[in-house]
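Residue numbers (numbering that gives the first Met the number 0), protein chains in the order written: chain F, 0 to 247; chain Z, 0 to 247.
Think of the CB as a built atom: it goes at the ideal place given N, C-alpha and C, for glycine as much as any other residue.
Number of protein chains: 2
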Amino acid sequence: MGTPANDHALSRLVRKLESIAGLTDEERHAILSLPAKTRFLEPRQDIVRDADKPSQCCLILEGWICRYKLLSEGRRQIFSFHIPGDVPDLQSLHIHTMDHSLATVTKASVAFIPHDALRDLISRFPNIAALLWRDTLIDAGIFRQWMLGMGRRSAYGRIAHLFCEMYVKLEAVGLAGEHRCALPITQLDLADALGLTSVHVNRTLKELRGSGLLTLRSNTLVVEKWDELAQAAEFDPTYLHLEKRAVG
Amino acid sequence: MGTPANDHALSRLVRKLESIAGLTDEERHAILSLPAKTRFLEPRQDIVRDADKPSQCCLILEGWICRYKLLSEGRRQIFSFHIPGDVPDLQSLHIHTMDHSLATVTKASVAFIPHDALRDLISRFPNIAALLWRDTLIDAGIFRQWMLGMGRRSAYGRIAHLFCEMYVKLEAVGLAGEHRCALPITQLDLADALGLTSVHVNRTLKELRGSGLLTLRSNTLVVEKWDELAQAAEFDPTYLHLEKRAVG
DNA sequence: CGCGCTATTGAGAGAGCTCAATGTGCGTGG
DNA sequence: CCACGCACATTGAGCTCTCTCAATAGCGCG
Numbered sequence: 000m001g002t003p004a005n006d007h008a009l010s011r012l013v014r015k016l017e018s019i020a021g022l023t024d025e026e027r028h029a030i031l032s033l034p035a036k037t038r039f040l041e042p043r044q045d046i047v048r049d050a051d052k053p054s055q056c057c058l059i060l061e062g063w064i065c066r067y068k069l070l071s072e073g074r075r076q077i078f079s080f081h082i083p084g085d086v087p088d089l090q091s092l093h094i095h096t097m098d099h100s101l102a103t104v105t106k107a108s109v110a111f112i113p114h115d116a117l118r119d120l121i122s123r124f125p126n127i128a129a130l131l132w133r134d135t136l137i138d139a140g141i142f143r144q145w146m147l148g149m150g151r152r153s154a155y156g157r158i159a160h161l162f163c164e165m166y167v168k169l170e171a172v173g174l175a176g177e178h179r180c181a182l183p184i185t186q187l188d189l190a191d192a193l194g195l196t197s198v199h200v201n202r203t204l205k206e207l208r209g210s211g212l213l214t215l216r217s218n219t220l221v222v223e224k225w226d227e228l229a230q231a232a233e234f235d236p237t238y239l240h241l242e243k244r245a246v247g
Numbered sequence: 000m001g002t003p004a005n006d007h008a009l010s011r012l013v014r015k016l017e018s019i020a021g022l023t024d025e026e027r028h029a030i031l032s033l034p035a036k037t038r039f040l041e042p043r044q045d046i047v048r049d050a051d052k053p054s055q056c057c058l059i060l061e062g063w064i065c066r067y068k069l070l071s072e073g074r075r076q077i078f079s080f081h082i083p084g085d086v087p088d089l090q091s092l093h094i095h096t097m098d099h100s101l102a103t104v105t106k107a108s109v110a111f112i113p114h115d116a117l118r119d120l121i122s123r124f125p126n127i128a129a130l131l132w133r134d135t136l137i138d139a140g141i142f143r144q145w146m147l148g149m150g151r152r153s154a155y156g157r158i159a160h161l162f163c164e165m166y167v168k169l170e171a172v173g174l175a176g177e178h179r180c181a182l183p184i185t186q187l188d189l190a191d192a193l194g195l196t197s198v199h200v201n202r203t204l205k206e207l208r209g210s211g212l213l214t215l216r217s218n219t220l221v222v223e224k225w226d227e228l229a230q231a232a233e234f235d236p237t238y239l240h241l242e243k244r245a246v247g
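Printed below as a string of structure tokens:
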């Protein structure tokens, strides 16, 4: 059953889902009544590991989290960054063995929701199931954009695209505005997400700053010229399918 | 209602789903009764285009199909290859605007199934919904592997990995065996899938042949040394989540 | 105030790209 | 049955984007 603390945590999920489609009172109540254990995590801490068989999902309340996988010789690829409201390992509900890892990027707080409770929820509320399914499909759409970037965009365009994407995603959940947002990741994280080297990210960032498109100080991104950045990135937000504006 | 011809077409979907989990007689019957229009398509023909709002999904009966997106100056990224039994645009059921295109690679035959019928099906059979959801999640897992390749694997490893993946997928639906399968794609397709140039694919293929790992003649791939190929690719099939063996 | 992590910069190397020419197989029409 | 055309595969030469290795600088925190 939901305690007041859980309600607070789970309201993040409610808001996220409501940013996509309406929920009935009953549905909202069912979500808020999910059992959830809140945990506070340090930066760079694994939450779920490659090959694990989790029995719960992780709702992000605060901080950034990423999915990644390692190859030999320390090569790492980050697949996605996740922000509050996301459930980055929702897939574990249907795919029992993890094929990648989940870790914090920053300090974070998360709520763990047991699979059983989620399965019960979606069997009682097919609408919620559809929303969650849809969410995983949007995730896949973001993967495709990253593929497009790694396969066919220059380092410059790739970084620009990621910044556009993160800004829009953060804005949609009320964590950004006025072309300004937090960007609490190192250049090494950026490199591993974009298929580059941190050295090259550094140089390209310098170029991006040099052309006056953005500034980046103390983990804050300020987009000075949105249109030009979006153009350099060939950024078209359709793939994020943000049909409604979310509340803060 | 399903005609005998449709039954034949839809049995491909039944077999695909049964390769993952059991279906009840009722579920099987419901799938076989889906309305479906079969069409024969030429190579390199678009089926659904970026920005379309489709009202049906496409079940592949024969041939290879790919998903791709274009950037300026003719840059193309292929996101996935699909083979008989796949429903490559299942996502259009929940995401109404296409953020990429779907096209044939080879001659193909496909069955179009209206969204309405699919929505009705999944609302009556939550089990089928779960299976289809799961299928889209595996798709996303394949995207992640491609990302990993484009971000962190050499051209050599990337090609090797794709070959391993396609072989295993084809084998799972009975279209490959004895380390031999059809590979009806051009080096340009390969390049666009891997984020490379067709020239470089050509040279790397030569290298792969040279090291005796495989042969490639008249669109047929023969893996001469599976273990070495898999090792060069760092191929681990876990991400395909093929829990059961399929029938031919 | 010093350690440790991250950012920055330099120099040289290399994987993969571009441009361009040539070869090869196959389907079509005569 | 042969000639042609076209698409695809192959090869060469030179280039550049990105990487590697390595050193230096800056910043946050105990």
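{"Item": "Minimum Cβ-Cβ distance from Z/K68 to chain F less than 8 Å", "Value": "yes"}
{"Item": "Min CB distance F/S122 to chain Z below 8 Å", "Value": "yes"}
{"Item": "Backbone CA spacing between Z/V249 and Z/F39 [nearest angstrom]", "Value": "Since the displayed chain Z opens at 0 and closes at 247, residue 249 of chain Z lies outside it and no answer follows."}
{"Item": "Bridge partner(s) assigned by DSSP for Z/H81", "Value": "Z/I64"}
{"Item": "Chain-order list of residues whose beta-carbon lies under 7 Å from that of Z/N218 (same chain, five-residue window excluded)", "Value": "A181, L182 and P183"}
{"Item": "Neighbourhood of Z/R75 by C-beta, 8 Å cutoff - its chain only, sequence neighbours within 5 removed", "Value": "Y67, K68, L69 and D191"}
{"Item": "is_contact[Z/T185, chain F] using C-beta, thresh 8 Å", "Value": "no"}
{"Item": "Cβ-based burial, Z/K36 [other Cβ within 10 Å; buried from 16]", "Value": "exposed"}
{"Item": "CB contact check: F/P87 to chain Z, cutoff 8 Å", "Value": "no"}
{"Item": "Neighbouring residues, chain Z, relative to F/P125 (Cβ below 9 Å)", "Value": "I121, S122, P125 and A128"}
{"Item": "CB contact check: F/Q230 to chain Z, cutoff 8 Å", "Value": "no"}
{"Item": "Straight-line Cα distance separating F/D88 from Z/Q105", "Value": "Per the sequence shown, the amino acid found at residue 105 of chain Z is Thr instead of Gln. Using only the alpha carbons, I get a separation of about 36 Å."}
{"Item": "Per-residue burial, F/A21 [other beta carbons within 10 Å of its own, 16 or more giving buried]", "Value": "Residue 21 of chain F is actually Gly in this sequence, not Ala. Exposed, by the Cβ-count rule."}
{"Item": "Ordered list of alpha helix (DSSP H) runs contained in the region 162-242 of chain Z, each at least 4 residues", "Value": "186-193, 197-209 and 225-232"}
{"Item": "Chain F within 8 Å of Z/A245, Cβ atoms only", "Value": "For Z/A245, the predicted model reports a pLDDT of 48, less than 50, meaning its position is unreliable; a value from the coordinates is still stated below. It does not; no Cβ of chain F falls within 8 Å."}
{"Item": "Residues of the region 209-228 of chain F whose Cβ lies closer than 9 Å to any Cβ of chain Z, in chain order", "Value": "none"}
{"Item": "Collapsed DSSP secondary structure at F/A159 in the structure displayed", "Value": "helix"}
{"Item": "Whole-Å CB distance - Z/L207 paired with Z/Y155, under 8 Å assumed", "Value": "7 Å"}
{"Item": "Beta-carbon neighbours of Z/R43, restricted to chain F and to distances below 7 Å", "Value": "Per Cβ cutoff of 7 Å: no residues; Z/R43 is ~19 Å from chain F at best."}
{"Item": "Nearest-angstrom beta carbon gap, Z/K52 and Z/H95 [assumed within contact, 8 Å]", "Value": "5 Å"}
{"Item": "Among F/S210, F/S18, F/A129 and F/T237, nearest to F/L228 - alpha-carbon criterion", "Value": "F/S210"}
{"Item": "For F/T103 and F/E61, the rounded distance between their alpha carbons", "Value": "10 Å"}
{"Item": "Neighbouring residues, chain F, relative to Z/A116 (Cβ below 7 Å)", "Value": "Correct list: empty, because the minimum Cβ distance to chain F is about 16 Å."}
{"Item": "Whether F/S79 touches F/I141 by CB criterion (8 Å)", "Value": "yes"}
{"Item": "Extent of the continuous alpha helix (DSSP H) to which Z/A29 belongs", "Value": "D24 to L31"}
{"Item": "Proximity test, Cβ basis, 8 Å: F/W145 and chain Z", "Value": "yes"}
{"Item": "C-beta neighbour in chain Z for F/G21, strict 8 Å", "Value": "no"}
{"Item": "Beta-carbon spacing of Z/P42, F/P125 below 8 Å", "Value": "no"}
{"Item": "The region 144-158 of chain Z in contact with the region 192-203 of chain F per 3-pair CB rule at 8 Å", "Value": "yes"}
{"Item": "Within chain F, the residues that Z/A139 reaches when beta carbons sit closer than 9 Å", "Value": "Q90, T135, L136, D138, A139 and F142"}
{"Item": "F/F124, DSSP secondary structure in three states", "Value": "coil"}
{"Item": "Chain-order list of residues whose beta-carbon lies under 7 Å from that of F/E242 (same chain, five-residue window excluded)", "Value": "I19"}
{"Item": "Z/M146 vs F/M146 beta-carbon contact at 8 Å", "Value": "yes"}
{"Item": "Minimum Cβ-Cβ distance from F/H93 to chain Z less than 8 Å", "Value": "yes"}
{"Item": "Cβ-Cβ separation, F/R11 to F/L58 (assumed contact under 8 Å), whole Å", "Value": "7 Å"}
{"Item": "Segment limits, beta strand (DSSP E) that includes F/S100", "Value": "S100 to T103"}
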